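These notes are about the structure you will find just below.
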Amino acid sequence: MKRRVLIIGAGQAAVQAAVSLRTEGFDDEIVVLGDEGRLPYQRPPLSKAYLSDGREDILALRPSGFWEKSHISIEPDRPIIAVDRMEREVIDSKDKRLSFTHLIFATGARARTLALPGGDLHGVLSLRTVADATRLRTMLDCHKRIVAIGAGFVGMETAAALAGLGHQVTVVEAGERCLGRAVSGITSETLADGLRQRGVDLRLSAQIERIVGSEGIVFGVQLRDGPIIPADIVLIATGAQPNDQLAAACGLDTTIGICVDSHLRTSDDGIFAIGDCASFDCPREGRNLRLESVQNASDHGRSVALSILGRPVPHDRRPWFWSDQGMCKLQIAGLALPHDDTHTVLSGGKIAAFRFRRERLIAVETVNDPAEHIKARKILAAGPGPTYDDLKAAGFSLGGLA
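To convert, note that position 62 of the sequence shown is 62 in UniProt numbering; the numbers rise steadily by one, no gaps.
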């Protein structure tokens, strides 16, 4: 019987799944179904380089001729609105049906919204898609005052990029420090200082009352028990939530994302979920994880291909992340939550924070030290990390341990 793999979504995970299926020997039909009306693109530049030059060629995940050459069918403007698990079909927005033998949810995540008065004013936006980034770029031509709500990765990266372009940028964060639980205190302070050196006004422990405007157009952000911060543009950067509605509607478990096992399979044997939308069983951590990163999406794509081809390998790789914020390059190897100790080394403008759980290394975060990051990835990928005493004996340098 001829097989057909349908992939709902056209981001990093979807592309890697399609490519890996082909390179691993799947010779039947592969169909990638997108809903943005454009060929697959990478998202990291949207909060950085794309804002300055608007070059779409830096976004493409694959050249336009790649898909035909690889015999992969891609339909970038075919939103799927329902999945009929009994009939093994998906239903698109025009009520047309398409059958599958295997289905992969690679639906990604969407920007989290805030229930704030004034959230619907013109000039209030989020940054998740190329359409969002293009809208922001267009507005920058005649608007100079930007307030970003949220000091997470998107808020920090965008603030650094816009400040570098000469805009007046304020970041408002409800927590006591930027990047909250994602990084250690010293790393957080270093990144905050980097923003301030670029001229960003960083307001921590700040509560927002409402977004204010006149005649439907935003002009500021009202802090609770505080002043109005003038703004021509307000960027909502308070994180993302998984696009799991379609999976939930067809009866799959969607607790904090689409739930899958370590082989990325849902409770339905022929249906999988990968990337930002998936909450996967991680044997190494002993719990389910949902990660938003290019590396995780790519690894998921490779793993799901092997599962479909009958050569499943538990997805148990050490994750790694990066974030470029102006002159600061943050890189993280491993997962630091939960952790019970941190040892930080500062040297010549570089930072390495070693995170421990029960006296064993579980993660390393670095700022402007890519060589140490590569060593950390190699060490953590090899098995259980070294102990605190091992690292202490090595002078908290990974060179002799990699």
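Note that CB positions come from ideal geometry on N, CA and C, so glycine has one too. In this text the structure is predicted, and so the values were computed from the model without any measurement.
Can you list, in chain order, the residues of its chain whose CB lies under 6 Å from that of Ser205, leaving out five sequence neighbours each side? Glu176
With DSSP run on the structure shown, which of helix, strand or coil describes Ser64? coil
Please classify His300 as buried or exposed, where buried requires at least 16 other C-beta atoms within 10 Å of its C-beta. buried
Counterpart residues of Gln197 in DSSP-defined beta bridges: Gln197 pairs with nothing; no bridge assigned.
Give me the Cα-Cα distance between Arg358 and Lys329, rounded to the nearest whole angstrom. 28 Å
If we ignore side chains and look at the alpha-carbon of each, how far apart do Ala133 and Ala352 end up? 32 Å
Can you give the beta carbon distance from Val15 to Glu75, rounded, assuming they're within the 8 Å contact cut? Rounded, the Cβ-Cβ distance is 14 Å, inconsistent with contact.
Report the three-state DSSP secondary structure of Thr344 (helix, strand or coil). strand
May I have the straight-line CA-CA distance separating Ser126 from Val19, to the nearest angstrom? 30 Å
Identified DSSP bridge partners for His329: A quick correction: the sequence has Lys, not His, at residue 329. Partner(s): Asp324.
Terminal residues of the alpha helix (DSSP H) in which Thr366 lies: No alpha helix (DSSP H) holds Thr366; the beta strand (DSSP E) holding it covers 360-367.
Own chain, CB closer than 7 Å to Pro314, minus 5 neighbours either side, in chain order: Ser262, His263, Pro283
Got a sec, what are the start and stop residues for the beta strand (DSSP E) residue 403 sits in? Examination of residue 403 is not possible in this model, given that the chain is present from 1 through 402 alone.
Among Arg224, Leu306, Gly180, nearest to Ala336 - alpha-carbon criterion: Gly180
I'd like the ranges of any beta strand (DSSP E) spanning at least 3 consecutive residues and lying wholly in the region 14-71. 29-33
Rounding to the nearest angstrom, what Cα-Cα distance links Ala148 and Gln241 in this structure? 18 Å
State whether the region 59-66 contacts the region 158-170, with contact taken as three or more CB pairs (one from each stretch) at a distance under 8 Å. no
The beta strand (DSSP E) that contains Pro230, what's its start and end? 228-230
Local conformation of Lys144 per DSSP, three classes: coil
Report the option in Gly216, Leu223, Cys250, Ala13 whose CA atom is closest to the CA atom of Leu121. Gly216
Our contact map puts Gly334 next to Val367 with C-beta atoms below 8 Å; I'd like the distance itself, whole angstroms only. At roughly 16 Å, the Cβ-Cβ gap does not stay under 8 Å, so Gly334 and Val367 are not in contact.
Let me confirm a value: Arg290 is counted as buried when at least 16 other C-beta atoms fall within 10 Å, else exposed. Which label applies? buried
How far does the alpha helix (DSSP H) with Gly164 in it extend, from its first residue to its last? 153-164
Can you tell me where the beta strand (DSSP E) holding Ile233 begins and where it ends? 233-236
On the CB-based measure, 16 or more other CB atoms within 10 Å of its CB, does Cys277 come out buried or exposed? buried
List the whole-angstrom C-beta distance separating Gly270 from Thr101, where the pair is believed to meet the contact cut-off of C-beta under 8 Å. 7 Å
Would you report the Cα separation of Ala192 and Arg145, rounded to the nearest angstrom? 19 Å
Can we say the region 374-386 touches the region 211-229, given the rule of at least three CB pairs closer than 8 Å? no
Is Ala17 near Val304, with beta carbons less than 8 Å apart? yes
Going by other Cβ atoms of all chains shown within 10 Å of its Cβ, with 16 needed for buried, is Gly150 buried or exposed? buried
Let me make sure I understand the geometry here. Which of Cys259, Leu306, Ile186, Leu246 has the alpha-carbon closest to that of Phe354? Ile186
Going by DSSP, what residue range makes up the alpha helix (DSSP H) through Leu391? 388-393
Are the CB atoms of Ile8 and Ala106 nearer to each other than 8 Å? yes
I'd like to know whether the C-beta atoms of Arg210 and Gln222 end up nearer to each other than 8 Å. yes
Contact set for Gly199: own chain, Cβ-Cβ below 6 Å, skip 5 residues either direction: Ala163
Around the C-beta of Ala159, are 16 or more other C-beta atoms found within 10 angstroms, so that it is buried, or is it exposed? buried
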